[in-house]
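Just so you know, we're using our numbering here: the sequence shown kicks off at 976 and counts up by one.
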Amino acid sequence: MAGAPGQLLRPRQAVEPGRGLRRDQLIRPAVIAVLLLFTLFGLPSLLSLYYIDTMTQVAIYSVVTLGLGVLVGRVGLFSLGQGAVLAIGAWSGARLLFATGQPFPLVLVEAGLVTMVIGMVIGLPALRLRGLYLALITLMLAGAITVVLASTNFPNGGGGFLGYNGSSVHIPPIRRPSIASGDPAYFRYCVVIAIVMFGLVFAHIRTRPGRAWAAIRQSEPAALAAGINTTFYKLWAFALASFVTGVAGAALAGADRYLYSIDFTTQDSITLMAVVLMGGAYSMWGAVVAAFLLEFLPALLNNWGVSADWLYILFGLGVLQVLTTAPAGLADQVPKDLRRLWRLARRLFSRPASRPAVPAGGDAE
């Protein structure tokens, strides 16, 4: 159809991609909002107390795997000390909750700051290391922290700096916030904590630190040539990962109510690395998938009467599969496989077009 003189007609194809882009930009936040609302208000009413406690652990450990994902996926730093950092956050949170009457959110922030400082101290000698050397030194530091915690124990309401009383007959539980004393309420509380921590990390990724981390991950010499202070930004990554993990540790103290040094082993740091690689270190959704692998699968197997130790074999095979065929993890690979399966199913079950009938005694032209 001809337009008015001097008027340029825009092709229809040029409009559709913009509309599709805007539609995608609206659909994704809407889907995330619906999932969060269902998790906060619908899920607790559908689950038993056993699975509510399990989902609380999933919410907490999604923050832990998120912090490790910042180091591994965003900066390319393979740290095997994140389990020890979590233990420091849990110890700090438990000590503050026993020794003070401060509001629970303030204790979370303080535990995160304490852990951030210690995490930065741990990261200082490792700033010039990468790959296997960084993994080994952080693993050794995690082992040292585990030994210290085993000799000092976790606070249990005793006096002094450590807050441990071995002769106590009655050990008081760790305090929870007054608005979240029950298990369903504390689950919602931990989900809100996870949302805030994910928002904090997302703000870093989408701004200058995230761009600097991406440059360092791609090529540290090139980042240096571009004028990026790689030492500063790597230390920043350690600080952010330690802070969110410390907050998760303090939340874990309130979730478990009783903490013991035997609950935090050096092996936990290796398992954390395995599930982060399997879930997807380059995606924030990968942190949620990793938390489900780490906490929900063992709880499910235990409920079925199957030993959760079998998961170590599964995790080993999963890491091998990720390293060979799916480097972006399950968060990236599963949607791709589902799309391929859907296209294959449509081709198999779609009805073929009917051919025109050929008149009797004649040939089709």
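Beta carbons: idealized from backbone N, C-alpha and C, even for Gly.
Please state the DSSP three-state secondary structure of residue i.
| i | result |
| --- | --- |
| P1019 | helix |
| F926 | Since the first and last residues shown for the chain are 976 and 1340, residue 926 lies out of range. |
| Q1077 | coil |
| Y1257 | coil |
| N1277 | helix |
| R1151 | coil |
| S1156 | coil |
| T1300 | coil |
| L1215 | helix |
| G1134 | coil |
| H1145 | coil |
| A1189 | helix |
Leaving out the 5 sequence neighbours to the left and right, which residues in its chain are closer than 7 angstroms to residue i when beta-carbon positions are compared?
| i | result |
| --- | --- |
| A1008 | none |
| A1306 | G1254, G1255, S1258, W1260, G1261 and V1264 |
| A1169 | A1034, S1037 and V1038 |
Alpha carbons only, please: which of the options is nearest the one belonging to residue i?
| i | options | result |
| --- | --- | --- |
| V1222 | V1250, V1167 and L1252 | V1167 |
| V1251 | G1138, F1016, A1301 and L1010 | A1301 |
| Y1036 | F1173, F1129 and L1015 | F1173 |
| A1110 | V1038, S1236 and L1043 | L1043 |
| I1146 | F1129, D1158 and A1160 | F1129 |
| R1232 | F1207, T1014, I1180 and D1028 | D1028 |
| F1073 | F1136, L1001, D1238 and L1104 | F1136 |
| L1102 | A1034, L1001, N1204 and R1070 | N1204 |
| R1070 | S1325, T1127, T1206 and T1014 | T1127 |
| I1120 | L1104, I1097 and N1131 | I1097 |
| T1214 | T1040, V1089 and S1153 | Checking the sequence, you will find Ala at residue 1214 rather than Thr. Residue V1089 is the option with its Cα nearest to A1214. |
| P1356 | F1271, A1034, T1182 and R1181 | This structure gives no information on residue 1356, because the portion of the chain shown stretches from 976 to 1340. |
| Y1235 | N1131, G1068 and V1082 | N1131 |
| L1104 | T1206, L1022 and A1155 | T1206 |
For my contact list, residue i and residue j are in at a C-beta cut-off of 8 angstroms; report their separation, rounded to the angstrom.
| i | j | result |
| --- | --- | --- |
| L1046 | L1052 | 4 angstroms |
| A1198 | A1190 | 4 angstroms |
| L1210 | M1095 | 6 angstroms |
| G1229 | Y1161 | 7 angstroms |
| A1225 | A1086 | 4 angstroms |
| M1248 | L1055 | 6 angstroms |
| A1283 | P1273 | 4 angstroms |
| W1188 | Y1164 | Not really, about 30 angstroms apart at Cβ, beyond 8 angstroms. |
So, at 6 angstroms on beta carbons, what are the nonlocal neighbours of residue i in its own chain, with the 5 sequence-adjacent residues on each side left out?
| i | result |
| --- | --- |
| G1118 | T1241 |
| N1140 | G1133 |
Run the CB neighbour count on residue i, radius 10 Å, all protein chains shown included, and call it buried at 16 or more, exposed below.
| i | result |
| --- | --- |
| N1278 | exposed |
| Q1193 | exposed |
| L1295 | exposed |
| Q1057 | buried |
Is the CB of residue i under 7 angstroms away from at least one CB in chain E?
| i | result |
| --- | --- |
| L1104 | Annotation note: the requested chain E is absent from the structure, which comprises a single protein chain. |
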